[in-house]
Amino acid sequence: MDTTSQVSTPIRVPHECPFELGFLESALHIPNVYRNQLICVSIANSILLQLFTTRQLKQARQNLLNKNDIETMLEALALSALPEDLSRIEQILSDMTIVYDVPPSSETHTVIIRALIHKGTFQSVKLWLEHMPKKPGGVEPTIGHYHLVLEAGPRFCTFKNMMQLVREMRQRGCEPTNDTFKLLAQARWLTTTRVSRIPLPSDFTPIFRHMQEIGLPYNTTVADMLHVMYLDKQRFRYAEEIVVLYNDSYSDLLPPGLLWENEWLLRLSAAVKEGGVATGLKLISQYREEGGKPSVRTLGVFMQRITRFEHLCSVRDQLGIAPSQEQWSMLLSKCVKRGTISEMLECYNEIRNEGVMPTASAISRLIQFTSRPLRSA
1 MDTTSQVSTP IRVPHECPFE LGFLESALHI PNVYRNQLIC VSIANSILLQ LFTTRQLKQA
61 RQNLLNKNDI ETMLEALALS ALPEDLSRIE QILSDMTIVY DVPPSSETHT VIIRALIHKG
121 TFQSVKLWLE HMPKKPGGVE PTIGHYHLVL EAGPRFCTFK NMMQLVREMR QRGCEPTNDT
181 FKLLAQARWL TTTRVSRIPL PSDFTPIFRH MQEIGLPYNT TVADMLHVMY LDKQRFRYAE
241 EIVVLYNDSY SDLLPPGLLW ENEWLLRLSA AVKEGGVATG LKLISQYREE GGKPSVRTLG
301 VFMQRITRFE HLCSVRDQLG IAPSQEQWSM LLSKCVKRGT ISEMLECYNE IRNEGVMPTA
361 SAISRLIQFT SRPLRSA
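With full-length UniProt numbering, letter number 304 in the sequence shown gets 304, and the count goes up by one each step, no holes.
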């Protein structure tokens with residue numbers, strides 16, 4: 001058989017369809033000996049083209065906006081809070097995976113929520129949290145997102161709004177913690193002091209009741225924080241009452257040991273209030289003999305009479321308990337109220353030498369006071 005009749009001109013695969021086998025099927029005049037070769041060449045071309053396209057796509061994405069650029073753009077749109085700009089945010093979130101290969105994350109929504117808080121209304125922030133799972137990327141709100149709103153709450157919403165937000169976060173499977181209720185209590189304090197009055201202990205009853213209702217274990221973190229805040233304002237009676245109020249809300253759930261401890265703390269507080277630190281310390285030996293173990297809460301009852309760094313260090317050494325950040329900060333605040341600039345700075349440096357950074361609130365007071373001469377100069 002003359003094989004020369006089987007040899008045809010070199011096969012050229014059209015560029016417009018380099019890997020469509022339909023082209024091969026239509027080339028019936030090509031002998032079988034070449035058809036298998038052509039199929040292999042076509043498949044190889046297809047793989048090479050796909051690899052080339054992937055490299056091109058990666059390079060193109062790299063030439064587009066990066067994650068920081070995208071978040072800057074989202075922040076700018078959220079700061080406007082206009083309906084059309086919120087719609088643009090939705091489109092960008094949708095494009096992040098397809099175009100930029102950067103799926104929306106929890107951090108992406110943090111940028112948006114922070115901007116909405118700065119410019120928007122409580123309703124716009126609330127709706128964003130509510131609809132987050134339905135938005136591109138399907139990101140669920142985290143407790144960090146809710147805390148971001150609660151921390152800023154007093155600036156742009158009512159306390160009632162914040163209480164409702166805590167209820168809703170739990171309904172969506174995000175369980176509140178003691179830190180959640182600390183933020184709520186701080187908000188209650190701030191929204192009340194706006195009307196030029198110190199909040200009553202009873203103002204915090206709804207918070208304590210809600211903590212108990214949702215099954216949050218007994219933890220004096222919130223009450224201790226409020227106790228320090230009342231002492232800082234020289235409201236000693238309120239400081240005692242807030243602790244009693246919190247303990248009463250859990251009284252049916254507390255074991256005998258904790259009930260005994262709470263009674264002793266009230267006894268120590270009364271002794272310190274009437275006779276000073278020395279009187280309170282005299283009771284500590286009896287407290288220990290009966291099985292008591294000093295804690296930060298024990299040290300807290302002495303804070304109403306402690307005004308100097310060396311006094312706090314002395315009580316600390318006798319109790320064998322390190323003061324908390326709040327207690328050191330309370331000492332600094334007292335120093336700011338009564339002392340000279342040199343005394344304030346000395347107190348601050350001594351606290352820092354203890355390895356403690358005072359709270360932002362205490363540092364803010366220090367800065368405000370020390371900058372007064374500069375403003376008047």
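Using N, Cα and C, we set each Cβ at its ideal position, and we do this for glycine too.
Supposed contact pair residue 250 and residue 218 - C-beta distance, whole angstroms, cut 8 Å: Sure, about 5 Å apart at Cβ, within 8 Å.
Burial state of residue 173 (16 or more Cβ within 10 Å): Exposed is the call here.
Can we say the stretch 200-219 touches the stretch 305-320, given the rule of at least three CB pairs closer than 8 Å? Contact between the stretch 200-219 and the stretch 305-320 is absent, with fewer than three C-beta pairs closer than 8 Å.
For residue 255 and residue 116, I'd like the C-alpha separation in whole angstroms. Answer to the nearest angstrom: the Cα atoms are 45 Å apart.
In the DSSP assignment, the alpha helix (DSSP H) including residue 66 goes from what residue to what residue? For residue 66, there is no enclosing alpha helix (DSSP H), as DSSP gives it neither H nor E.
What residue ranges within the stretch 279-348 form continuous alpha helix (DSSP H) runs of no fewer than 4 residues, ordered along the chain? Counting whole runs of 4 or more residues, the stretch 279-348 contains the alpha helix (DSSP H) stretches 296-300, 309-319, 325-338.
Taking the CB atoms as reference points, tell me whether residue 142 and residue 106 lie closer together than 8 Å. Contact: yes.
Drop a sphere of 10 angstroms on the beta-carbon of residue 320, count the other beta-carbons inside from all chains shown, and report buried for 16 or more, exposed for fewer. Its Cβ having fewer than 16 others within 10 Å, residue 320 is exposed.
Same chain, Cβ closer than 8 Å to residue 364, five either side skipped, listed in chain order: Excluding sequence neighbours, residue 364 sits near nothing in its chain.
Specify the secondary structure class of residue 271 as computed by DSSP and reduced to three states. Helix, per DSSP.
Would you say the stretch 189-199 touches the stretch 165-181, given that touching needs at least three Cβ pairs under 8 Å? No, they do not touch.
In whole angstroms, what separates the C-alpha of residue 304 from that of residue 150? Approximately 29 Å, taken between the alpha carbons.
Terminal residues of the alpha helix (DSSP H) in which residue 106 lies: Its alpha helix (DSSP H) spans residues 106-119.
Could you say which of 205, 203, 252, 307 lies nearest to residue 234 if we only look at CA atoms? The shortest Cα separation from residue 234 among 205, 203, 252, 307 belongs to 307.
For residue 130 and residue 358, what's the separation of their Cα atoms in angstroms? Computed Cα separation, rounded: 36 Å.
Separation of residue 104 from residue 362, as counted between CA atoms: Straight-line Cα distance between these residues: approximately 37 Å.
What would DSSP say about residue 216, mapped onto helix, strand or coil? In the three-state DSSP reduction, residue 216 falls in the coil class, being neither helix nor strand.
Local Cβ density within 10 Å of residue 222, reported as buried at 16 or more and exposed below that: It counts as buried.
With 16 as the cutoff for other CB atoms within 10 Å, does residue 252 come out buried or exposed? With fewer than 16 Cβ atoms within 10 Å of its Cβ, residue 252 is classed as exposed.
To the nearest angstrom, how far is it from the Cα of residue 77 to the Cα of residue 85? Roughly 5 Å separates the two Cα atoms.
Taking the alpha helix (DSSP H) that residue 192 belongs to, which residues open and close that run? Start and end: 178-193.
Helix, strand or coil, according to DSSP, for residue 364 in the structure here? Of the three classes helix, strand and coil, the one that applies to residue 364 here is helix, per DSSP.
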